[in-house]
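Enquirer: Could you have a look at this structure, given as structure tokens, before my questions?
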Amino acid sequence: MITAGLAKSALQERFMFRRRGVTLTKALLTVVCMLAAPLTQAISVGNLTFSLPSETDFVSKRVVNNNKSARIYRIAISAIDSPGSSELRTRPVDGELLFAPRQLALQAGESEYFKFYYHGPRDNRERYYRVSFREVPTRNLTKRSPSGGEVSTEPVVVMDTILVVRPRQVQFKWSFDQVTGTVSNTGNTWFKLLIKPGCDSTEEEGDAWYLRPGDVVHQPELRQPGNHYLVYNDKFIKISDSCPAKPPSAD
Numbered sequence: 049m050i051t052a053g054l055a056k057s058a059l060q061e062r063f064m065f066r067r068r069g070v071t072l073t074k075a076l077l078t079v080v081c082m083l084a085a086p087l088t089q090a091i092s093v094g095n096l097t098f099s100l101p102s103e104t105d106f107v108s109k110r111v112v113n114n115n116k117s118a119r120i121y122r123i124a125i126s127a128i129d130s131p132g133s134s135e136l137r138t139r140p141v142d143g144e145l146l147f148a149p150r151q152l153a154l155q156a157g158e159s160e161y162f163k164f165y166y167h168g169p170r171d172n173r174e175r176y177y178r179v180s181f182r183e184v185p186t187r188n189l190t191k192r193s194p195s196g197g198e199v200s201t202e203p204v205v206v207m208d209t210i211l212v213v214r215p216r217q218v219q220f221k222w223s224f225d226q227v228t229g230t231v232s233n234t235g236n237t238w239f240k241l242l243i244k245p246g247c248d249s250t251e252e253e254g255d256a257w258y259l260r261p262g263d264v265v266h267q268p269e270l271r272q273p274g275n276h277y278l279v280y281n282d283k284f285i286k287i288s289d290s291c292p293a294k295p296p297s298a299d
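When you number the sequence shown by our numbering, it's gap-free, plus one each residue, and the end is 299.
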């Protein structure tokens with residue numbers, strides 16, 4: 049079995065630290081190709097972090113079979129206190145987060161959706177779940193290893209993602225202090241901060257920070273002119289007027 053641990057680590061960094069443009073993404077892809085070539089033709093689930101909006105109780109996630117043969121897909125869900133390297137995993141309360149179908153069988157190149165239904169408390173607290181997508185071959189092909197044993201040529205792949213259930217009583221609030229170069233999440237739900245130093249900087253020169261409730265980012269670039277945005281529910285919010293409005297990519 050190959051666990052997509054690199055993808056998981058990147059996801060943890062998204063909520064804990066910054067992400068420098070596309071540099072981290074390219075670096076991870078390089079390492080993945082070096083360490084686990086089968087992953088290049090494996091499961092695809094899109095963004096590793098996805099949210100269930102406060103006004104809905106349902107969200108779907110598309111799964112794509114990028115392999116050259118059929119695969120079976122299953123899901124495992126854990127409740128977590130907060131995304132990160134020291135997260136505490138627990139079993140979700142019965143009935144709190146349901147999903148359907150129980151499994152998918154996809155031919156090469158096919159795609160389908162898993163659907164998630166939230167029936168938990170309707171309060172002002174944000175909830176996090178680690179959703180693991182498990183890709184299982186429908187056949188077991190093996191070859192001889194140099195040591196004489198058998199090695200599967202179609203391994204099981206596990207891709208970890210995070211589902212954020214926004215509070216049912218959501219409060220999207222933030223503050224920006226240009227003098228101190230500080231952005232604070234003063235509400236009860238997460239958002240993304242995009243920092244691009246200078247008015248003509250490229251995507252590669254920008255940083256992305258994921259702020260949970262109570263998180264604070266201090267950066268000297270925030271004291272200088274630049275294209276600085278918050279991204280909340282796929283909407284761009286410009287936090288400074290030092291440059292002409294030019295929304296970047298949300299990826």
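Where a beta carbon is used, it is the ideal one built from N, C-alpha and C, also for glycine.
On a predicted model such as this, the values are computed, not experimentally measured, just so you know.
#1: Do you know how far the Cα of Val-213 is from the Cα of Ser-290?
#2: What did DSSP end up calling Arg-271 once you bin it into helix, strand or coil?
#3: Can the beta-carbon of Leu-242 be found closer than 8 Å to that of Tyr-280?
#4: Expressed to the nearest angstrom, what Euclidean distance is found between the alpha-carbon atoms of Arg-260 and Gly-157?
#5: Measuring alpha carbon to alpha carbon, tell me which of Leu-136, Cys-247, Asn-114 ends up nearest Arg-175.
#6: In this structure, how does DSSP classify Glu-252 when only helix, strand and coil are distinguished?
#7: Taking only three categories from DSSP, how would you classify Leu-96?
#8: One question on the structure: do Leu-96 and Tyr-121 come within less than 8 Å of each other, judged by their Cβ atoms?
#9: Find out if the Cβ-Cβ distance for the pair Met-207, Ile-91 is shorter than 8 Å.
#10: What beta strand (DSSP E) runs, 3 residues minimum, are completely inside the segment 116-186?
#11: Evaluate Thr-237 with the Cβ neighbour count: other Cβ atoms within 10 Å of its Cβ, from every protein chain shown; 16 or more gives buried, anything less gives exposed.
#12: Here's the rule I'm using: 16 or more other beta-carbon atoms within 10 Å means buried, otherwise exposed. How should Pro-131 be labelled?
#13: Consult DSSP for Pro-319 and reduce its assignment to one of helix, strand or coil.
#14: How would you write the range of the beta strand (DSSP E) that Arg-110 sits in, first residue to last?
#15: Can you name the residues that DSSP bridges to Asn-236?
#16: Nearest by alpha-carbon distance to Glu-269: which of Cys-247, Gly-262, Lys-283 is it?
#17: On a CA-only basis, which of Ser-180, Phe-220, Thr-138 is nearest Thr-209? Give me that one, please.
#18: What does a CB cutoff of less than 6 Å around Val-112 pick up in its chain, not counting 5 residues either side in sequence?
#19: Starting from Phe-224, follow the beta strand (DSSP E) in both directions and report where the run begins and ends.
#20: How many Å lie between Cys-81 and Asp-225 at the Cα?
#21: Is Arg-178 near Pro-215, with beta carbons less than 8 Å apart?
#22: DSSP three-state call for Asp-208: helix, strand or coil?
#23: Where Gln-219 and Lys-283 are concerned, what is the direct C-alpha to C-alpha distance, given to the nearest angstrom?
#24: Out of curiosity, what's the CA-to-CA distance linking Arg-271 and Lys-240?
#25: Given this structure, state the Cα-to-Cα distance separating Leu-20 from Asn-115, to the nearest angstrom.
#26: Are Glu-144 and His-167 close, meaning C-beta to C-beta below 8 Å?
Expert: Walking through what the data contain:
#1: C-alpha of Ser-290 to C-alpha of Val-213: approximately 34 Å in a straight line.
#2: For Arg-271, the three-state secondary structure derived from DSSP is helix.
#3: Not in contact: Leu-242 and Tyr-280 (Cβ atoms no closer than 8 Å).
#4: Answer to the nearest angstrom: the Cα atoms are 36 Å apart.
#5: Nearest in C-alpha terms to Arg-175, of all of Leu-136, Cys-247, Asn-114, is Leu-136.
#6: DSSP places Glu-252 in helix when its eight states are reduced to three.
#7: In this structure, Leu-96 counts as coil in the three-state DSSP scheme.
#8: No Cβ-Cβ contact shorter than 8 Å links Leu-96 with Tyr-121.
#9: Remark: C-beta atoms of Met-207 and Ile-91 approach each other more closely than 8 Å.
#10: Segments of the beta strand (DSSP E) lying fully in the segment 116-186: 119-128, 145-148, 151-154, 159-166, 175-185.
#11: Around the beta carbon of Thr-237, 16 or more other beta carbons lie within 10 angstroms, which makes this residue buried.
#12: With 16 or more other Cβ atoms within 10 Å, it is buried.
#13: The chain is shown only over 49 to 299; residue 319 falls outside these bounds and no answer can be derived.
#14: Counting along the chain, the beta strand (DSSP E) containing Arg-110 begins and ends at 106-113.
#15: Bridge partners of Asn-236: none, in fact.
#16: When each option's Cα is compared against that of Glu-269, the closest is Cys-247.
#17: Residue Ser-180 is the option with its Cα nearest to Thr-209.
#18: So the qualifying residues of the chain are Ser-92, Ser-159.
#19: Residues 222-225.
#20: Low local confidence applies: a pLDDT of 36 at Cys-81 is under 50, so the model's placement there is unreliable, and no value is given.
#21: Taking the C-beta atoms as reference points, Pro-215 is found no nearer than 8 Å to Arg-178.
#22: For Asp-208, the secondary structure class from DSSP, reduced to helix, strand or coil, is strand.
#23: Distance from the CA of Gln-219 to the CA of Lys-283, rounded to the nearest whole angstrom, comes to 16 Å.
#24: Take the alpha-carbon of Arg-271 and the one of Lys-240: they are about 18 Å apart.
#25: Nothing in the structure corresponds to residue 20, since the chain is present only between 49 and 299.
#26: Taking 8 Å as the Cβ cut-off, Glu-144 and His-167 qualify as a contacting pair.
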